[in-house]
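Undergrad:
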Amino acid sequence: MEWAQHSYGYNCRKTMKIKILLWFGLLFSGVGDLAGQSVSGQILDAYFTALTRQHQANAEISQALRHLSPDLEEDYRQLLQLTEQDATLPWAYFRRNLERVGAGAPLLTLCEEGRQLDLMLRRYHNLRLVDPYSQLTVDTSQSMQRLCFFALTEGEKVAEIGFGYGYNLHLLALGYRNLSIYANELDAHRLQRMEETITEEYPASRHQQFHFINGAIASTNLENLDLDLIIMENVFHHLSDQTAFLRSMLKSLGENGEIVIIEEFREADRQGGSCPDLITRKQLLDLLIDSGLELQSEQKLLSQYKTMLRFGKGTGTKLNK
1 MEWAQHSYGY
11 NCRKTMKIKI
21 LLWFGLLFSG
31 VGDLAGQSVS
41 GQILDAYFTA
51 LTRQHQANAE
61 ISQALRHLSP
71 DLEEDYRQLL
81 QLTEQDATLP
91 WAYFRRNLER
101 VGAGAPLLTL
111 CEEGRQLDLM
121 LRRYHNLRLV
131 DPYSQLTVDT
141 SQSMQRLCFF
151 ALTEGEKVAE
161 IGFGYGYNLH
171 LLALGYRNLS
181 IYANELDAHR
191 LQRMEETITE
201 EYPASRHQQF
211 HFINGAIAST
221 NLENLDLDLI
231 IMENVFHHLS
241 DQTAFLRSML
251 KSLGENGEIV
261 IIEEFREADR
271 QGGSCPDLIT
281 RKQLLDLLID
291 SGLELQSEQK
301 LLSQYKTMLR
311 FGKGTGTKLN
321 K
């Protein structure tokens with residue numbers, strides 16, 4: 001059992017530090033000066049340390065369980081799919097089976113550590129920091145890439161039009177302490193559910209920053225708010241009257257307000273025509289430039305087919321269409 005003794009030598013204090021940073025650091029401390037294009041290395045290091053340790057622990061556990069009994073390895077994998085509450089009784093049976101086949105305390109402890117790390121990392125599934133269907137580290141990089149592209153400053157007012165499942169809303173809640181965030185959604189049920197989720201997930205100092213706004217087909221319902229930034233992801237191509245909605249967006253912006261549009265353009269459609277409403281990059285630029293906006297910057301999301309474009313009110317240099 002040399003492998004188990006080595007695994008169990010993992011510093012318990014370090015494990016606790018990781019948990020504290022992940023559970024409380026991300027929720028309460030923010031991620032640093034994002035307007036300066038930097039993020040908190042301490043929190044990111046804790047996340048990647050936990051991710052690495054989870055991978056190592058699960059590899060060691062699988063090797064040991066296969067040696068003892070192939071059925072035990074499958075039982076452990078199924079346990080990892082359960083919530084902490086649902087796993088209480090199955091976990092007790094699993095421990096009893098381990099003891100029955102002669103597994104020692106180090107392996108039992110390692111299995112418990114692997115399970116706790118998995119539960120802790122899955123806590124952020126709504127942010128896709130951990131997504132079982134994609135590359136974990138890539139998702140984290142995309143999250144930070146978005147925050148840096150938004151380049152918001154504490155105290156500013158930002159709105160997301162059509163927030164969907166709340167990916168960007170959670171990023172803003174985790175990344176900033178003092179933003180006014182206007183969450184706009186056409187689906188009334190989704191709007192209500194997101195308001196409940198934000199209230200449950202974050203402390204009062206965070207969820208009180210949010211304002212939930214019923215969307216409209218041709219209006220933001222945010223006119224004259226002097227917003228610093230409007231974010232719109234995978235929404236623009238669905239608008240029935242894009243020109244009218246652009247006029248409403250312009251009325252919602254402050255003097256130096258900007259718009260970030262994130263789109264999967266028709267020329268990059270990975271599904272081969274699965275969405276007939278997709279538009280081309282040129283169509284988007286023509287519409288926004290004709291409305292008086294200028295393209296300030298553009299960036300492709302890592303390992304995705306989406307492009308982020310930032311537009312301002314004619315204060316920057318136009319980029320080629």
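If you read the sequence shown in the UniProt record's numbering, its first letter stands for residue 1, the second for the next number, and so on.
C-beta atoms are modelled at their ideal positions from N, C-alpha and C, and glycine is treated no differently.
1. Which residue marks the beginning of the alpha helix (DSSP H) containing R247, and which one marks its end?
2. Judging by CA-CA distance, which residue of I231, F149, Q145 and E223 is the nearest neighbour of G166?
3. Report the three-state DSSP secondary structure of L34 (helix, strand or coil).
4. With distances taken between CB atoms, is the gap from E113 to A57 smaller than 7 Å?
5. By Cβ distance, which residues of its chain are closer than 7 Å to K300, with the 5 residues on each side in sequence left out?
6. With DSSP collapsed to three states, give me the class of A173.
7. For G30, count neighbouring Cβ atoms within 10 angstroms of its own Cβ and tell me buried if that reaches 16, exposed if not.
8. Can you say whether N224 is buried or exposed, counting buried as having 16 or more other CB atoms within 10 angstroms of its CB?
9. Classify H238 as buried or exposed, calling it buried when 16 or more other Cβ atoms lie within 10 Å of its own Cβ.
10. Have a look at the DSSP bridge pairing and note the partners of C219.
11. Assign Q142 to buried or exposed, taking buried as 16 or more other Cβ atoms, counted over all protein chains shown, within 10 Å of its Cβ.
12. Please state the DSSP three-state secondary structure of V138.
13. Going straight from the alpha carbon of L79 to that of L65, what length do you get?
14. If you count every other CB in all the chains shown that lies within 10 Å of the CB of H125, and 16 or more means buried, which is it?
15. Go to I198, then tell me how far its alpha helix (DSSP H) extends in each direction, as first and last residue.
16. Would you kindly check if the distance between the Cβ of G312 and the Cβ of V235 is under 7 Å?
17. Could you check which residue in T83, D187, L152 and H207 has the C-alpha nearest to that of H170?
18. Between which two residues does the beta strand (DSSP E) holding I161 run?
19. Would I279 and L309 qualify as a contact pair, given that the criterion is a beta-carbon distance under 7 Å?
20. Tell me the DSSP bridge mates of E233?
21. Roughly how many whole angstroms lie between the Cα atoms of T109 and Q192?
22. Measuring only the C-alpha atoms, how far is E258 from L302?
23. Quick check: the stretch 212–229 against the stretch 175–189, are at least 3 beta-carbon pairs closer than 8 Å?
24. What did DSSP end up calling S69 once you bin it into helix, strand or coil?
25. Taking R115 as the reference, which of R96, L82, E195 and R100 has the closest Cα?
26. Using the beta-carbon count (16 or more within 10 Å), is I217 buried or exposed?
27. Do you know offhand how far N97's Cα is from H55's?
28. Do S291 and L229 count as a contact pair if the criterion is CB distance below 7 Å?
29. Between the alpha carbons of H189 and L89, how many angstroms are there, rounded?
TA: Straight from the coordinates:
1. In the sequence shown, the residue the question calls residue 247 occupies position 247. Looking at the DSSP string, the run of the alpha helix (DSSP H) that includes R247 is Q242 to S252.
2. To locate residue 166, count along the sequence shown from 1; it is residue 166. Minimum Cα distance to G166 is reached at I231.
3. Sequence index remark: in the sequence shown, residue 34 carries index 34 (1-based). With a pLDDT of only 40 at L34, under the threshold of 50, the placement of this residue in the model should not be trusted, and no figure is reported.
4. One-based indexing of the sequence shown puts residue 113 at position 113. One-based indexing of the sequence shown puts residue 57 at position 57. Taking 7 Å as the Cβ cut-off, E113 and A57 qualify as a contacting pair.
5. The residue labelled residue 300 in the question sits at position 300 within the sequence shown. T307.
6. Numbered from its first residue, the sequence shown carries residue 173 at position 173. Per DSSP, reduced to three states, the secondary structure at A173 is helical.
7. Locating residue 30 in the sequence shown gives position 30, where the first residue counts as 1. With a pLDDT of 42 at G30, under the threshold of 50, the modelled position of this residue cannot be trusted; read the value that follows with caution. By the neighbour-count rule (16 or more Cβ atoms within 10 Å), G30 is buried.
8. Counted from its first residue, the sequence shown places residue 224 at position 224. Answer is exposed; the Cβ neighbour count stays below 16.
9. The residue you call residue 238 lines up with position 238 of the sequence shown. Around the Cβ of H238, a 10 Å sphere holds fewer than 16 other Cβ atoms; the residue is exposed.
10. Residue 219 sits at position 219 when you count from the first residue of the sequence shown. Note that residue 219 is Ser in the sequence shown here, rather than Cys. Beta-bridge pairing links S219 to no other residue.
11. Reading the sequence shown from its first residue, position 142 is the one you call residue 142. That one is buried.
12. As a working mapping, residue 138 is identified with position 138 in the sequence shown. With a pLDDT of 44 at V138, under the threshold of 50, the predicted position of this residue should be treated as unreliable, and no value is reported.
13. Stepping through the sequence shown from its first residue, residue 79 is reached at position 79. Stepping through the sequence shown from its first residue, residue 65 is reached at position 65. When rounded, the distance between both Cα atoms is 14 Å.
14. On the sequence shown, position 125 is the one that residue 125 refers to. Note that H125 has pLDDT 45, beneath the 50 cutoff, so the model's placement of it is unreliable and the number below is only indicative. Around the Cβ of H125, a 10 Å sphere holds fewer than 16 other Cβ atoms; the residue is exposed.
15. Looking up residue 198 in the sequence shown gives position 198. A188 to E201 is the extent of the alpha helix (DSSP H) around I198.
16. For this step, residue 235 is matched to residue 235 along the sequence shown. For this step, residue 312 is matched to residue 312 along the sequence shown. Not a contact, by the Cβ cut-off of 7 Å.
17. By one-based count along the sequence shown, residue 170 stands at place 170. When only C-alpha atoms are compared, the closest one is H207.
18. In the sequence shown, residue 161 corresponds to position 161, counting from 1. Note, I161: beta strand (DSSP E), K157 to I161.
19. Within the sequence shown, numbered from 1, the residue matching residue 279 stands at position 279. Within the sequence shown, numbered from 1, the residue matching residue 309 stands at position 309. No, the Cβ-Cβ distance between I279 and L309 is not below 7 Å.
20. Within the sequence shown, numbered from 1, the residue matching residue 233 stands at position 233. Bridge partners of E233: I262.
21. To locate residue 109, count along the sequence shown from 1; it is residue 109. To locate residue 192, count along the sequence shown from 1; it is residue 192. Distance between the alpha carbons of T109 and Q192 is about 42 Å.
22. On the sequence shown, residue 258 is found 258 positions in, with the first residue counted as 1. On the sequence shown, residue 302 is found 302 positions in, with the first residue counted as 1. When rounded, the distance between both Cα atoms is 23 Å.
23. yes
24. Locating residue 69 in the sequence shown gives position 69, counting from the first residue. DSSP, read as helix, strand or coil, puts S69 in coil.
25. Within the sequence shown, residue 115 is the residue found at index 115, counting from 1. It is L82 whose Cα lies nearest to the Cα of R115.
26. One-based indexing of the sequence shown puts residue 217 at position 217. So I217 ends up on the exposed side.
27. For the purposes of this step, residue 97 is taken as residue 97 along the sequence shown, with counting starting at 1. For the purposes of this step, residue 55 is taken as residue 55 along the sequence shown, with counting starting at 1. Each residue's alpha carbon lies about 23 Å from the other.
28. In the sequence shown, the residue the question calls residue 229 occupies position 229. In the sequence shown, the residue the question calls residue 291 occupies position 291. No, the Cβ-Cβ distance between L229 and S291 is not below 7 Å.
29. The residue you call residue 189 lines up with position 189 of the sequence shown. The residue you call residue 89 lines up with position 89 of the sequence shown. Distance between H189 and L89, taken at the CA atoms: about 35 Å.
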